[in-house]
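One line per chain: the protein sequences are A and B, in this order. Quick note: the first sequence, position 97, residue 96 per numbering that gives the first Met the number 0, numbers continuous. Quick note: the second sequence, position 265, residue 264 per numbering that gives the first Met the number 0, numbers continuous. Quick reminder that beta carbons are idealized off the backbone N, C-alpha and C, glycines included. Worksheet: one structure, shown below.
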Amino acid sequence: MSAAAFHDKARLMDPEAIRRALTRVAHEIVEHHKGTIDVALVGIRTRGAILAQRLAKEIEAIDQRTIPVGILDITLYRDDLSRIAPNPVVHSTAIEFDITDLHLVLVDDVLFTGRTIRAALNAINDLGRPKTIQLAVLVDRGHRELPIRADYVGKNIPTNLSERIDVRLNELDEKEEVMIEAAAAVRP
Amino acid sequence: MATEHAEQTAQWTKKDLLGLRHLTPEEITLVLHTAASFRDISLRPIKKVPALRGKTIVNLFFEPSTRTRTSFELAAKRLSADIVNIAAAGSSLSKGETVLDTVRNLEAMKVDVLVVRHAAAGVPHLIAQHAASSVINAGDGAHEHPTQALLDLFTMHEKKGRVTGLQVSIIGDIAHSRVARSNIWGLTKLGARVTLCGPPTLIPPHVEQLGQGGVRVTHQLEEAIRGADVLMLLRIQHERQEAQLVPSLREFRLHYGITRERLASAKPDVLIMHPGPVNRGVELDSDVADGPYSVILDQVTNGLAVRMAVLYLVSGASRGDHEAAD
């Protein structure tokens, strides 16, 4: 973990804003696919998995159909193992359905450099061959290092590279908000 | 994998894995937790992940081995690492090169991990002191065999749901067994109780002091079987016996061999474990080795997952920054 200390700079989304964004993204997914037949969600651990579960509920409310939801752990597909701090905890991937020929929607909380999504695409390729893969994120903060873009975005938040986006969800953080954090000023 | 210790707070900070004696319960649990995730990879249609792509691992085996060497080789390949196998016979060691010179030459070729097996205790430790690469002990003399003990712990946890509180009897040639020593450390650290059983000639004096009070010794097989959750049989190691320590294999079987009849006094859900290779009809009868209580082949399967976890952890333990999620 970086040694730099961060402090909250501004609250960008409150619980209501997060809920509205997810509802809108759910509608967009249903509209794009003209329903939900052969559509499945795969959330990227950890917060992406929570968001995928919530999106599935929203979609069910809209289309009256239950869609499959899986959880993807991309730790083993990262390209920066040698830079990972001495605690690379690996979790299981839990996708209990055959992804072949499905329209998959990958779900994550923040889209930043795109390296997580690249890793997720590689992981998905090892599990099967979906018909299409799309990407839904709660926040797109920019600064891509790879040619990757999201198909569904809860909120675009232009950021400075020195800042950090922290998505806090009730299930994990007992708070519901999206914060922008700035590095603490270094005192002489 | 549910664990008795808080694996999320554990960190792997060690360059090497040389034994279980110096690992904390949290570090042991971290390996077991990581191995649980790796086991799934072997069940996929594509049994490979790119986690160690670009890393080079050397299997440096100064002593013959099939099971452990193959297990490490497959583990490395499933993590996309490159692996080289070096056996002492047929290498420059047979021409008189020292172990450390061999290691220096391998390191000059920029390898990342050395998996070392040697007939003399302490050789992996010596190499680790001189090598910048990570060193994994794949068995040193009668000292330690950490990955075997880790896979044994993993298998017990998988089958029993816990290690804490288990009664584990290790039966046979304790004196020459590195598996027994590593298991004593690992089991007692995780809160299991260990009974060592065998003829007095095959149990070293004061061995119960290894396990921080969790170890007892008996020479009566019936005592070791009664109440045990796990019976771990060990092979009579002809190659490590400088003197004839048992009168005959037949006599050993008579007193310490696990037969179907003897299992009648065991717990109904007892596990039969063996690190292999099994001397059928000596420490274990065939119908027990292949019977419903035996988890010997599960041990082999789990060995692969545990070795993947160990290779991954020692390779990822370099100190550096981890970027926030992107």
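Check	Outcome
Cβ separation of Glu-176 of chain A and Asp-13 of chain A, assumed to be a contact under 8 Å, to the nearest whole Å	6 Å
Any C-beta of chain B under 9 Å from that of Glu-95 of chain A	no
Beta carbon of Met-178 of chain A nearer than 9 Å to that of Ala-9 of chain A	yes
Segment limits, beta strand (DSSP E) that includes Tyr-76 of chain A	No beta strand (DSSP E) holds Tyr-76 of chain A; DSSP gives it neither H nor E.
Cβ of Val-29 of chain A within 9 Å of any chain B Cβ	no
Meets three-Cβ-pair contact criterion under 8 Å: the stretch 127 to 141 of chain A and the stretch 90 to 107 of chain A	yes
Assigned secondary structure, Ile-27 of chain B (DSSP; H/G/I helix, E/B strand, else coil)	helix
Interface positions of the stretch 132 to 152 of chain A facing chain B (Cβ-Cβ less than 7 Å), listed along the chain	none
Limits of the unbroken beta strand (DSSP E) element including Ile-28 of chain A	Element bounds for Ile-28 of chain A: not the beta strand (DSSP E) but the alpha helix (DSSP H), 14 to 31.
Chain A within 9 Å of Val-305 of chain B, Cβ atoms only	no
Neighbourhood of Glu-282 of chain B by C-beta distance below 8 Å, restricted to the same chain and skipping five residues each side	Ile-170, Gly-171, Leu-232, Leu-233, Arg-234, Ile-235, Phe-251, Arg-252, Tyr-255, Gly-256, Ile-257 and His-273
Residue-level contact to chain A via CB, Lys-109 of chain B, 9 Å cutoff	no
Partner residues on chain A for Ile-45 of chain B, Cβ-Cβ distance less than 7 Å	Asp-125
Beta-carbon proximity check, Asp-111 of chain B vs Ala-74 of chain B, cutoff 9 Å	no
Proximity test, Cβ basis, 9 Å: Ala-122 of chain A and chain B	yes
Within-9 Å CB hit, Ser-91 of chain A to chain B	yes
Strand pairing of His-102 of chain A, partner residues [DSSP]	A:Val-38 and A:Thr-131
Minimum Cβ-Cβ distance from Thr-33 of chain B to chain A less than 9 Å	yes
Beta-carbon gap between Thr-92 of chain A and Gly-69 of chain A smaller than 9 Å	yes
Ala-55 of chain A in three-state terms, based on DSSP	helix
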